[in-house]
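Taking it in order: structure first as structure tokens, then the write-up.
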Amino acid sequence: EDAIKHEPQGRIFEIVADDSVGKLGISFNGMPPGHLAVKHVSEDSFGAEHGVSEGDVLLRVGKDELVSLDDLSADGFKGFLKDRPLRLEFQSSATSDQTGNSQMEPKLELPEHEQKALASEDAIK
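Residue numbers (my numbering): 174 to 298.
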């Protein structure tokens with residue numbers, strides 16, 4: 174029963190900004206080389222609409238072919254940000270709660286009577 178728990182890494186996801194996208198609405202902590210953590214996502218921005226969250230990590234970027242940020246200079250990265258289409262590959266910052274369920278996964282909606290039963294169980298704890 175004392176199983177070793179591993180913190181699963183967040184899911185990898187890709188977004189693509191086409192010609193209609195001006196600003197991404199995403200700011201990062203620092204510049205390449207190296208992966209970049211998302212510092213801020215502007216409300217109602219392209220990044221927010223595509224599920225990018227603070228703490229997510231940008232791994233790769235590119236126009237046709239994805240390039241690791243480990244292999245990019247700051248100037249190279251800035252150049253890519255102007256490209257369209259622009260492909261951005263992120264690793265989600267979603268962490269697991271104590272039950273091992275990802276906080277980013279959609280939760281099933283329980284019938285109201287079951288929600289009330291669960292709420293009363295929580296109140297007992």
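We put the CB at the ideal spot given by N, CA and C, even for glycine.
Between which two residues does the beta strand (DSSP E) containing residue i stretch?
{"i": "residue 235", "result": "230–235"}
Going straight from the alpha carbon of residue i to that of residue j, what length do you get?
{"i": "residue 263", "j": "residue 226", "result": "10 angstroms"}
{"i": "residue 252", "j": "residue 205", "result": "12 angstroms"}
{"i": "residue 254", "j": "residue 221", "result": "17 angstroms"}
{"i": "residue 174", "j": "residue 201", "result": "With a pLDDT of 46 at residue 174, under the threshold of 50, the predicted position of this residue should be treated as unreliable, though the coordinate-derived value follows. Taking the straight line joining both Cα atoms gives about 41 angstroms."}
{"i": "residue 236", "j": "residue 245", "result": "14 angstroms"}
{"i": "residue 239", "j": "residue 258", "result": "12 angstroms"}
{"i": "residue 209", "j": "residue 183", "result": "15 angstroms"}
{"i": "residue 213", "j": "residue 192", "result": "23 angstroms"}
{"i": "residue 303", "j": "residue 241", "result": "Any property of residue 303 remains undetermined from this structure, which presents the chain solely from 174 to 298."}
{"i": "residue 198", "j": "residue 217", "result": "8 angstroms"}
{"i": "residue 187", "j": "residue 250", "result": "17 angstroms"}
{"i": "residue 194", "j": "residue 219", "result": "7 angstroms"}
State buried or exposed for residue i, treating a residue as buried only when at least 16 other CB atoms are found within 10 Å of its CB.
{"i": "residue 223", "result": "buried"}
{"i": "residue 233", "result": "buried"}
{"i": "residue 247", "result": "exposed"}
{"i": "residue 229", "result": "buried"}
{"i": "residue 185", "result": "exposed"}
Under a three-way DSSP split, which group does residue i fall into?
{"i": "residue 267", "result": "coil"}
{"i": "residue 209", "result": "strand"}
{"i": "residue 227", "result": "coil"}
{"i": "residue 222", "result": "helix"}
What residue range does the alpha helix (DSSP H) around residue i cover?
{"i": "residue 255", "result": "247–255"}
For residue i, which residues does DSSP report across the bridge?
{"i": "residue 187", "result": "262"}
{"i": "residue 214", "result": "199"}
{"i": "residue 241", "result": "233"}
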